[in-house]
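Protein chains in written order, with my numbering: chain A, 140 to 293; chain B, 140 to 293; chain C, 140 to 293; chain D, 140 to 293; chain E, 140 to 293; chain F, 140 to 293; chain G, 140 to 293; chain H, 140 to 293; chain I, 140 to 293; chain J, 140 to 293.
Positions of the beta carbon are idealized from the N, C-alpha and C atoms, including for glycine.
So the structure is just underneath, and the comments pick up after that.
There are 10 protein chains.
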Amino acid sequence: MANSIYGELEQLGKTGGAAQTPEEAILEYVKNPRPDSDYVVRFTCPEFTSLCPVTGQPDFAHLVLDYIPGETLVESKSLKLFFQSFRNHQAFHEDCTVGIGERLVKEMAPKWLRFAGYWYPRGGIPIDVFYQTGAAPEGVWVPEQAVPTYRGRG
Amino acid sequence: MANSIYGELEQLGKTGGAAQTPEEAILEYVKNPRPDSDYVVRFTCPEFTSLCPVTGQPDFAHLVLDYIPGETLVESKSLKLFFQSFRNHQAFHEDCTVGIGERLVKEMAPKWLRFAGYWYPRGGIPIDVFYQTGAAPEGVWVPEQAVPTYRGRG
Amino acid sequence: MANSIYGELEQLGKTGGAAQTPEEAILEYVKNPRPDSDYVVRFTCPEFTSLCPVTGQPDFAHLVLDYIPGETLVESKSLKLFFQSFRNHQAFHEDCTVGIGERLVKEMAPKWLRFAGYWYPRGGIPIDVFYQTGAAPEGVWVPEQAVPTYRGRG
Amino acid sequence: MANSIYGELEQLGKTGGAAQTPEEAILEYVKNPRPDSDYVVRFTCPEFTSLCPVTGQPDFAHLVLDYIPGETLVESKSLKLFFQSFRNHQAFHEDCTVGIGERLVKEMAPKWLRFAGYWYPRGGIPIDVFYQTGAAPEGVWVPEQAVPTYRGRG
Amino acid sequence: MANSIYGELEQLGKTGGAAQTPEEAILEYVKNPRPDSDYVVRFTCPEFTSLCPVTGQPDFAHLVLDYIPGETLVESKSLKLFFQSFRNHQAFHEDCTVGIGERLVKEMAPKWLRFAGYWYPRGGIPIDVFYQTGAAPEGVWVPEQAVPTYRGRG
Amino acid sequence: MANSIYGELEQLGKTGGAAQTPEEAILEYVKNPRPDSDYVVRFTCPEFTSLCPVTGQPDFAHLVLDYIPGETLVESKSLKLFFQSFRNHQAFHEDCTVGIGERLVKEMAPKWLRFAGYWYPRGGIPIDVFYQTGAAPEGVWVPEQAVPTYRGRG
Amino acid sequence: MANSIYGELEQLGKTGGAAQTPEEAILEYVKNPRPDSDYVVRFTCPEFTSLCPVTGQPDFAHLVLDYIPGETLVESKSLKLFFQSFRNHQAFHEDCTVGIGERLVKEMAPKWLRFAGYWYPRGGIPIDVFYQTGAAPEGVWVPEQAVPTYRGRG
Amino acid sequence: MANSIYGELEQLGKTGGAAQTPEEAILEYVKNPRPDSDYVVRFTCPEFTSLCPVTGQPDFAHLVLDYIPGETLVESKSLKLFFQSFRNHQAFHEDCTVGIGERLVKEMAPKWLRFAGYWYPRGGIPIDVFYQTGAAPEGVWVPEQAVPTYRGRG
Amino acid sequence: MANSIYGELEQLGKTGGAAQTPEEAILEYVKNPRPDSDYVVRFTCPEFTSLCPVTGQPDFAHLVLDYIPGETLVESKSLKLFFQSFRNHQAFHEDCTVGIGERLVKEMAPKWLRFAGYWYPRGGIPIDVFYQTGAAPEGVWVPEQAVPTYRGRG
Amino acid sequence: MANSIYGELEQLGKTGGAAQTPEEAILEYVKNPRPDSDYVVRFTCPEFTSLCPVTGQPDFAHLVLDYIPGETLVESKSLKLFFQSFRNHQAFHEDCTVGIGERLVKEMAPKWLRFAGYWYPRGGIPIDVFYQTGAAPEGVWVPEQAVPTYRGRG
Ligand SMILES: [Ca+2]
Ligand SMILES: [Ca+2]
Ligand SMILES: [Ca+2]
Ligand SMILES: [Ca+2]
Ligand SMILES: [Ca+2]
Ligand SMILES: [Ca+2]
Ligand SMILES: [Ca+2]
Ligand SMILES: [Ca+2]
Ligand SMILES: [Ca+2]
Ligand SMILES: [Ca+2]
Ligand SMILES: [Ca+2]
Ligand SMILES: [Ca+2]
Ligand SMILES: [Ca+2]
Ligand SMILES: [Ca+2]
Ligand SMILES: [Ca+2]
Ligand SMILES: [Ca+2]
């Protein structure tokens, strides 16, 4: 299996930290090593935090990304650093979640993409946001994310 | 991301409480910040209470709202206060649940909406009510709510 | 919301008990308060018992009813008393479950109905019975009942 | 292993049903086949029903019995028929649960006994009753029953 | 079993609602029908709501009561109405939970009592309060309440 | 409900044991008591054992059968005895599971049938086998079996 | 680590099957490789079957063994074959479970032993049997087996 | 119940954000409203983040605090802001967790305190840290925190 | 059932270990014993490990294979040895998972195949990869794999 | 908090891989940063593999370590590399698990240590091994590891 598709990367195996803002964060891509098949890649990130634009207080979310690669894969360390770059970013939940999805679509040019943010409750009521680029292509397998709905207590 | 869409709000960041009745409660809306995508927003409210029209005794429910925004998002604090306005309201379970759904549809003009009430048991038998405006639009992702069916004991 | 639809009921708020047989039990109906929407009502009854026609010994089941109201709703207390009227009734599992579903369909004239009995094991093997009147109408939301399949031990 | 300890039984392998009342029900006993060891026997009965003394309506419970045999074991079919004999019996939850425990103690003369009733909710609030004859003897292993506490909805 | 211990009750089987304040609410007691045994009675109430003293907004809690009766049992309907009387009461979580426990102790004179409030999150952080009158008496069985610790999302 | 459909049975209520081989086992059928409805019957058997054809060692499986009756129902005791007849039978997992399904189809002539074997792991890797006669008929409700996928440890 | 303690074994790595009866089954032992520490070994066997002495029908159980080795360990393949030797053995649940425990104690001479059988339900009521040789020695860690109590349906 | 104990607080109901460092963060205290009882207060914070001292990358933890108040309660909003002040703080897991516990002990002077950090995995291996001031006082009830041990996948 | 289809196998019942590389590993096939039915075979392997191509450190995955046999079945021991042959193989997650799927397709010529790898987290973010050969054929039953999405802590 | 305690480490932040054998693996230690408190550190490692001494085939385990530090903490990366060094090591389950515990005790000189291996099943029966150095010191909090007991299927 071709190791060389990772040869140009700037961040993998380096010790640099995350960018200070999402705008500065650079997602890196590698060549799809299995271009003859349509398959789904899922990344699960339970360690996401940003700031509330109204109060400046921290928000937290559990994120799940599903996509069908086109010509490239997103490199996982650069994805992690991209998510970390929201640490001091102010964002509304709906806008932030869909915005991440839209940016990934624009940069990655995947065949299909689904992205969800499962936000922690504020005022006793959590928000979940579910975005995708449209119906999944025929014949590709996309399991449910099955992150539990918020339960409260008891 | 545009903070300004929240600039006209009356309730966000204010200390006023809930209206005394659902009729008096005012849902506020902000401009959909991502109008180019169809996505689903889910609010989960496990803290709902109203009164039984027959006995006057309190009823409780766990509510879940899913919708695809049209031109506006419902602002989450006003939604919370709207739910709180049922505290002294007398309502049958089926009527109350569908009625909330219908009002949200009328006011929000969402592209699609789903609303469920999972009521606590009375007489050993709980009622769940599942309402939606019709089939979800093609290509939009709507995960199951997956609130557990009532189990009894054992 | 119209309280008056409950005005004619004989059993709600009364202290009379269940009928002695299913044949004698009377299901009561009220006007559908939200006739402009198609929605699903779910009743979950984990407290059902009847008698085995062969041995006379008690059987137990966990029942779940889903339906889309037509012109009427079934009143929940009369439904509870109807279920209780099977206490001294002898019934095979398949026949009993489908028979309840068929009777509800005949009396209620719902737009659609689904009814399941999850029976306790006999001879180490439980029976579940799943009945519905046909495919659910387009555009109506019917979540899975998701009652766990029998597991045995371990 | 001695089959003969079962030779005197009246109910095992017979087709007779349950007695009509707990008072008429006869618990049968067999000789403890392992009298040199102190061990715990657990019976779990999720199929128990009696009647409410105030309303006459059915009550349901999930029962768990733990005991350390003395000279005898309770025969399991007679125990099942004993539990079935409550079907038309009127009983308050606390009284009924402790009463069953006390009767089993009196008749069985076990070295130790624990008995719990996990009743289905009435008025939205279930009652659990936990009875035992005292601290378990030193050196005997008594796992927790771990029946889930009532959860409500959500 | 003695039905007569319930003969003096004012609220059981009556249609009166809850008192307007906890101070006005009257807990009723019946004679312990099994005074020769020490046993535990557990009531689980997932339907509790009060008001925040600072903001006036609703708070919710899941309550669990365990006690060993002395000469009396608390009657379950009067307990339900007592819990309902907090609906318009302003209370801090720690104070409210322990206060309910202390009042029950004072009025019931139980041999032992344990009371917990599992409050819904505020500011993303829920409070649980665990009160008991001291170590449980030797030889009495008190299973864990095992209400799940708050989990957040993911 | 017609008890008479059970009148011809040889095994129900008799004390005979299982046949020595699947070939000798006789499945008995009764008339479908609800021929006007299409419904699903599920039998769950967590107590199945056969022998490995290579090593002769015992194998175990958890079986679940779903079918839509045609003119007959399979009688549950004869089904139990049929499953027990594999106790000394040597069978590969795939062949055995599909073979049971095929035999039931041939004998029962159901409108549709689904049969699964969830085998215990050998070599650290369990096999599950999922058989059905084709797509379920339109309008019939077939819930997922939802037996958990093997998990290993941790 | 000394492989040689396994050198004398007759069954490990051989292809012989289980003995035909428990009496003929031979448990093999190896030298405790860590005699300076007191530790617990747990074997979990969800694949156990024997025969009912009354009806001759199969019984099933989930077994868990915990012990603190003395001078020897029980070799796991011989333990598996010992459990398999009950396949055609007739046994009452209480007697069988405690009998296995007592035999293991007699042969292994462990410092301490705990053995449980979690039997599948008969007549709707399963039996669990919990045996141990006495209190675990001070300072040794014995986690709960935490096999779920039988739940029934729903 | 005395509202006045909250009268002196600087942060409750104010809009100021978290301090920039733990050193600057000020925990506020109110008078224990129930000084005659020993009870436990639990705060669960699943939204904690700090920085790794070696790599500067974000760490995340789920925190649970249990304590028995002495003369004061910690005010919950100031506790939340204290936890938020670690957002840009560099901390090793063991040191950070125990350090928070020690500071709370020093400032609050509780009768007893327990504090745990359940950190997200690094290198595939998560660290949990469990600190308490000693054995809980006799007669006080301290339920297990029961946060699940890390599971990995499958 | 035909034992002879296993007669030509080289690895089943032999003591040889796994090949040193996936390239050297030989998957063996047997004739489909039920060629008249389309059914699904699932293998679950929670014991998979390979090496990271960048760091050389071990990676772990939970694998699940579903396929509809054509003329052959894959023999389970050879499949186990094939999975073991990755022990010293360096592989990126996406490439490795899809590559295994593609090889199985090429060699087995199944009617349909689905293969998933659920990898353990690296950098706090696990990758799942979902591959299939296209939509499952009409009328074949393919249950969800339902391996839980990664949860993190809390 | 003192970063300097990590200054002497050879492996943290370096790219060297695991040693080839446990004997060669070097565990590194840092000064206990909180020597005035007795607390428990838990490491959970679900990614452990070694080789069977009889067959040479891979074994897998889920490991959990709990200890109370004395003068030092074990550095987590060196612990990870130590666990990885068993990859080509042949080990019996009981011996390997207790041996790791004994080595950690000898090298770390903790105040107390507990170590468990939860091994994947072989022959359908998994082995768990539970080791500790004796009773935990008074006043230190050691939550249960609560790794689920093996369940089999169903
Ligand atoms: Ca799906
Ligand atoms: Ca709840
Ligand atoms: Ca779906
Ligand atoms: Ca139940
Ligand atoms: Ca569905
Ligand atoms: Ca099982
Ligand atoms: Ca215990
Ligand atoms: Ca909140
Ligand atoms: Ca306990
Ligand atoms: Ca979480
Ligand atoms: Ca695992
Ligand atoms: Ca049974
Ligand atoms: Ca314990
Ligand atoms: Ca405890
Ligand atoms: Ca990691
Ligand atoms: Ca499906």
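Take residue i and list the residues in its own chain whose beta-carbon comes closer than 8 Å to its own, dropping the five residues that flank it on each side.
i: I:Pro-260; result: Tyr-289
i: F:Gly-238; result: Ala-230
For a test of the three-state rule: what should DSSP assign to residue i, helix, strand or coil?
i: J:Tyr-168; result: strand
i: J:Val-281; result: coil
i: A:His-232; result: helix
i: A:Leu-148; result: coil
i: C:Glu-162; result: coil
i: G:Glu-246; result: helix
i: E:Ser-189; result: strand
Excluding five sequence neighbours on each side, which residues of the same chain lie with their C-beta closer than 6 Å to the C-beta of residue i?
i: F:Val-203; result: Thr-183, Ala-255, Gln-284
i: F:Ile-264; result: none
Would residue i count as contacting chain I if we go by Cβ distances under 8 Å?
i: E:Arg-290; result: yes
i: A:Trp-258; result: no
Can you pull the DSSP bridge partners for residue i?
i: I:Phe-225; result: Partner(s): none; I:Phe-225 has no beta bridge.
i: H:Ile-239; result: The partner list for H:Ile-239 (beta bridge, DSSP) is empty, contrary to what the question assumes.
i: D:Gly-256; result: D:Leu-202, D:Val-268
i: E:Pro-197; result: E:Leu-190
i: G:Arg-181; result: G:Asp-205, J:Asp-267
i: C:Arg-261; result: C:Ile-264
i: I:Thr-288; result: Its beta-bridge partners do not exist; DSSP assigns none.
Please tell me whether residue i has its Cβ less than 8 Å away from any Cβ of chain J.
i: H:Tyr-332; result: The displayed coordinates of chain H run from 140 to 293. Any statement about residue 332 of chain H would go beyond what the structure contains.
i: C:Gly-209; result: no
Chain C beta carbons: is any one of them nearer than 8 Å to that of residue i?
i: G:Gly-263; result: yes
To which residues of the same chain is residue i closer than 7 Å at the C-beta, ignoring the five residues directly before and after it?
i: E:Ala-274; result: none
i: H:Gln-271; result: Leu-252, Arg-253
i: I:Ser-217; result: Gln-150, Ile-165, Leu-166, Glu-167
Hey, does residue i have any beta-carbon neighbour from chain G nearer than 8 Å?
i: C:His-201; result: yes
i: C:Gly-293; result: yes
Is there a Cβ of chain F sitting closer than 8 Å to that of residue i, yes or no?
i: J:Pro-185; result: yes
i: J:Val-286; result: yes
Measuring only between beta-carbons, confirm whether residue i sits less than 8 Å from chain D.
i: B:Gly-273; result: no
Taking only beta-carbon positions, decide if residue i is within less than 8 Å of chain E.
i: D:Gly-301; result: There is no way to answer for residue 301 of chain D, as the model of chain D reaches only from 140 to 293.
Establish whether the CB of residue i and some CB of chain B are separated by less than 8 Å.
i: C:Lys-250; result: no
Could you confirm whether any beta carbon from chain A is found closer than 8 Å to the beta carbon of residue i?
i: I:Arg-242; result: no
Stretch pair the segment 187-197 of chain B + the segment 223-233 of chain B: three plus CB contacts closer than 8 Å: Yes, since at least three Cβ pairs between the segment 187-197 of chain B and the segment 223-233 of chain B fall closer than 8 Å, the two stretches touch.
Spell out a yes or no on whether the segment 152-168 of chain E and the segment 220-229 of chain E are touching, meaning 3 or more CB-CB pairs, one atom from each, closer than 8 Å. The segment 152-168 of chain E vs the segment 220-229 of chain E: in contact.
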